[in-house]
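Just below is one structure, and these are the notes that go with it.
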Amino acid sequence: MITKQVFLERKAVRSRQIQKLEEELKDLRKVVVDEGNYPTVEQIYERIGEFRELWGAAVTSEEKNRALKKLVERIVYDRKGNRVELTVCYK
Numbered sequence: 001m002i003t004k005q006v007f008l009e010r011k012a013v014r015s016r017q018i019q020k021l022e023e024e025l026k027d028l029r030k031v032v033v034d035e036g037n038y039p040t041v042e043q044i045y046e047r048i049g050e051f052r053e054l055w056g057a058a059v060t061s062e063e064k065n066r067a068l069k070k071l072v073e074r075i076v077y078d079r080k081g082n083r084v085e086l087t088v089c090y091k
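Oh and the sequence shown: position 11 is 11 in my numbering, straight run, nothing missing.
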């Protein structure tokens, strides 16, 4: 037998643990979805080959940017205080 107070305390602790685990599960589901979008090794080699051909033939900055876009989808800058985190998202 336990008192109502002890039961409520245990319930509160369990509720916080469940909430934390649900948040972790949500984050893990995002990772699984993101990993499913990764290109295969063959696709990576193909894109690098295309990039090298375009970069080698590029004369202007615009042509070089177009070549780079064959590899890089976007660049994300995240400022945290005085620090900037850079994330490169490849195609």
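Beta carbons: idealized from backbone N, C-alpha and C, even for Gly.
When the Cα atoms are used, what is the spatial distance from residue i to residue j?
i: Glu24; j: Val31; result: 11 Å
i: Arg10; j: Arg29; result: 28 Å
i: Leu8; j: Asn82; result: 43 Å
i: Arg16; j: Ile2; result: 20 Å
i: Glu22; j: Val76; result: 27 Å
i: Glu53; j: Ile18; result: 53 Å
i: Lys64; j: Gly56; result: 9 Å
i: Lys80; j: Thr87; result: 13 Å
i: Ala58; j: Ala67; result: 8 Å
i: Lys20; j: Val6; result: 21 Å
i: Glu50; j: Val84; result: 31 Å
i: Thr60; j: Cys89; result: 24 Å
How would you write the range of the alpha helix (DSSP H) that residue i sits in, first residue to last?
i: Lys69; result: Premise fails: Lys69 is in no alpha helix (DSSP H) and is neither H nor E.
i: Ala57; result: Val41 to Ala57
Open item on the list: Between the stretch 70-79 and the stretch 43-52, can you find at least three pairs of beta-carbon atoms closer than 8 Å?
Closed with: At 8 Å Cβ cutoff, the stretches touch.
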